[in-house]
Structure formats: structure tokens, C-alpha cells
Amino acid sequence: MGPGFVALSGAAKQAELLRKDGNHYFQKGRIGAAIEAYTEAITLCPNVAVYLTNRALCHRKRNDWKKVEEDCRRAIQIDSNSVKGHYMLGLALIQNNVYPEGIKHLEKALDLGRGANPKSYMVEEIWQELAKAKYRQWEKASTKRSWELQTLKEACEAALEQKYFLDHSELEGFVDEAEIAHRKQLKSLRSVFEKVGEADAPSEVPDYLCCKITLDILRDPVITPSGVTYERAVILDHFRKVGNFDPLTRELLDESQLVPNLAIKEAVEAFLDKHGWAYKTD
4 MGPGFVALSG AAKQAELLRK DGNHYFQKGR IGAAIEAYTE AITLCPNVAV
54 YLTNRALCHR KRNDWKKVEE DCRRAIQIDS NSVKGHYMLG LALIQNNVYP
104 EGIKHLEKAL DLGRGANPKS YMVEEIWQEL AKAKYRQWEK ASTKRSWELQ
154 TLKEACEAAL EQKYFLDHSE LEGFVDEAEI AHRKQLKSLR SVFEKVGEAD
204 APSEVPDYLC CKITLDILRD PVITPSGVTY ERAVILDHFR KVGNFDPLTR
254 ELLDESQLVP NLAIKEAVEA FLDKHGWAYK TD
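Residue numbers for the sequence shown follow our numbering, beginning at 4 and rising by one.
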């Protein structure tokens, strides 16, 4: 081991001390001092992702989303599995209305977070932000669709009215039949447009897509040996607070017996793709 290794080791130790200083300043609300400490740590060890995500968190506190994006992109280049890197990059992009890419990074953060610790507060926080982003994206698209449908409906109604006016002037003696046919056409037309708009009309989420404990739509569903599907974090919380048994069947149950319910997960994703209003959280 030559002098280069000792120097690097010394730099790494100094960078870690600076990270701890930065954490201390951050907890005390001294954001400027925290940024300075993390910046010094990054200068000493530019290839440690956590220093960059810690500084990004400070920039997030200041709503400096451009710098959040810059630090998180660098962090992800160093560590492609950085949960905080993908999470805060997603938030920064959504702040700038770059929804598709922002949502992609939030989804990546959620998958990585669930793999590391499905019960962590951060997994829930990421889900909430992802749901809000998906809902806003749906709301924007839904408003556009609604306007386009209304415009098309009015144009079709106007065309039918014009047709009825022409038929009415030509069909003397058959006025009643023309009126009845016109009303039927109008009714059929409105029924078609009503049907098309149903996907954007909030309703009830089907029971089989909801957790049996919370009754909320499933996000990370797991199935028990008895065939009951629960939200993973919810059933794990039940084990911790109440006991190792199935809340519905009362049979003995532990974490090793839970299996991801991929069929229900796919069904939930398909439902949410068509019914974005279901992303709305209280």
C-alpha cells in the first residue's frame, strides 16, 4: 500500500467527518452550513453518492430544484440504485412539469425502496408523491379529453340538427316520423359520449383490488397460504403490533409465508392506467 492509499484513506475519513457535520447542521436548521460541509466532502470524495443526495436534500429545503436535479443526476451516475437520488430527481422534474421522466424516477425509487425496506417511512412518502404526480397527470389529460369530447359532441349534435332541418323541409306529411327518428339519434349520440366519458368519472375501486385491512387500493400486494391478499406494509405492521396470525382467518402466519400477488398487482396497474382518479389520496 503506497502513499496514495494513505492519502485517499485520509480524504475519505475527512469527508465522513464533514458529512456528520453536515447532518448536524441540517438537523439544527442551518442549511447554508450543511451545504458547505457536504460540498467540502464532495470535493474530497466526488464519487460518493450519499454526499450528493444529502446536499440535494438541503437544496430541496430551499426549493432550489435546479440544484436538486443537478446533484441527483450526478448521484445516480455514481450509484444507479440510489433511492434518494431517484426520488428527489423525480420531485425536481415534476416541479418543472416534466411529468413522464419525473414519474419514471419516482417509480424507480419506489421499486428500490420496497426492495430495501418495504416498511420504511420513505416508501410511503415516495408512494404519496408518485400518486400525487400520477393524479395530476391524469387530471390534466382528463380535462383535455373532456374539452375535446364536449367540442365533438356539440359538433355532432349540430350536424344532426342540420340534417333534421333539411329532412323536415323535404318530408311533408312525415313530420312526426322525422321528429321521432331525430330524437332517437340524439339519444344514441349522447349515450355514446356518456359511455366514452365513464373512464374519467370517479367511482368505487373494485373490492378485489383493495387491501382487506385498510380497504385502500393495493400497491404492493402479498397473498397468504389461505388465499387472502393484503398490502405488504400493512400485514407486516399487523405482525409487529398485534401478532403473527392472519387477521381474517386467524391462522398462524409469518412474513416468510407471504408471496407477492403478481396477478393482482398487474390488475391494479391496469385499473390505474384506465382510471387515474384512483390515485387521489386524502
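Every residue gets a Cβ at the ideal spot worked out from N, C-alpha and C, and that includes glycine.
What you are looking at is a predicted structure, and each value in this text was computed from that prediction instead of being measured.
Which class does residue i belong to by DSSP, given the choice of helix, strand or coil?
| i | result |
| --- | --- |
| E128 | helix |
| T154 | helix |
| C75 | helix |
| P209 | coil |
| T232 | strand |
| P103 | helix |
| I262 | Here the sequence assigns Val to residue 262, which means Ile is not the residue at that position. Residue state, collapsed to three classes: strand. |
| G192 | Sequence inspection shows Leu at residue 192; the Gly mentioned does not correspond to that position. L192: helix per DSSP, three-state reduction. |
| I220 | strand |
| L251 | coil |
| G246 | coil |
| S145 | helix |
| H185 | helix |
| K215 | coil |
| D257 | coil |
| N120 | coil |
| H278 | coil |
| Q48 | What sits at residue 48 in the sequence shown is Cys, not Gln. Correct three-state label for C48: coil. |
| D67 | coil |
So residue i is in the beta strand (DSSP E); what residue range does that whole segment cover?
| i | result |
| --- | --- |
| I226 | P224 to I226 |
By alpha-carbon positions, which one of the options ends up nearest to residue i?
| i | options | result |
| --- | --- | --- |
| R22 | I34, V53 and Q140 | V53 |
| R235 | R253, T252 and D257 | D257 |
| L275 | L133, I81 and G88 | L133 |
| L239 | K187, N120 and A112 | N120 |
| A181 | K215, R193, L163 and S194 | L163 |
| A270 | E254, V262, N247 and V208 | V208 |
| A44 | K64, A15, G32 and A36 | A15 |
| A78 | A95, A59 and L96 | A59 |
| E212 | Y124, K268, T46 and H108 | Note on residue identity: the sequence assigns Leu, not Glu, to residue 212. Nearest option by C-alpha distance: K268. |
| S259 | L251, N247 and R253 | N247 |
| F29 | P49, T42, V51 and N57 | N57 |
May I have the straight-line CA-CA distance separating residue i from residue j, to the nearest angstrom?
| i | j | result |
| --- | --- | --- |
| N99 | D249 | 45 Å |
| V71 | I81 | 16 Å |
| D67 | L189 | 54 Å |
| A18 | D210 | 52 Å |
| L265 | P224 | 8 Å |
| A273 | L20 | 48 Å |
| G7 | D114 | With a pLDDT of 44 at G7, under the threshold of 50, the modelled position of this residue cannot be trusted; read the value that follows with caution. For G7 and D114, the distance between alpha carbons rounds to 38 Å. |
| G93 | A184 | 54 Å |
| P205 | G25 | 46 Å |
| L192 | K64 | 52 Å |
| W141 | L47 | 44 Å |
| A37 | D74 | 15 Å |
| A112 | W130 | 9 Å |
| C61 | A136 | 22 Å |
| G35 | N84 | 28 Å |
| C214 | E110 | 21 Å |
| T227 | R243 | 17 Å |
| P263 | G116 | 16 Å |
| L155 | K107 | 33 Å |
Could you check whether the Cβ of residue i sits closer than 9 Å to any Cβ belonging to chain B?
| i | result |
| --- | --- |
| Q98 | No chain B is present in this structure, which holds just one protein chain. |
Following the continuous alpha helix (DSSP H) through residue i, name the residue where it begins and the one where it ends.
| i | result |
| --- | --- |
| Y90 | V86 to Q98 |
| G32 | Neither: G32 is in no alpha helix (DSSP H) and is coded neither H nor E. |
| A54 | Note that residue 54 is Tyr in the sequence shown here, rather than Ala. Note, Y54: alpha helix (DSSP H), A52 to K64. |
Problem - the segment 216-223 touching the segment 86-102, judged by at least three CB pairs closer than 8 Å - result: no
Exercise for the section: Kindly confirm or deny that the segment 139-152 and the segment 263-282 touch, where touching means at least three C-beta pairs closer than 8 Å. Expected result: yes
Exercise for the section: Assess, as a yes-or-no matter, whether the segment 190-199 is touched by the segment 85-93 under the definition of 3 or more beta carbon pairs within less than 8 Å. Expected result: no
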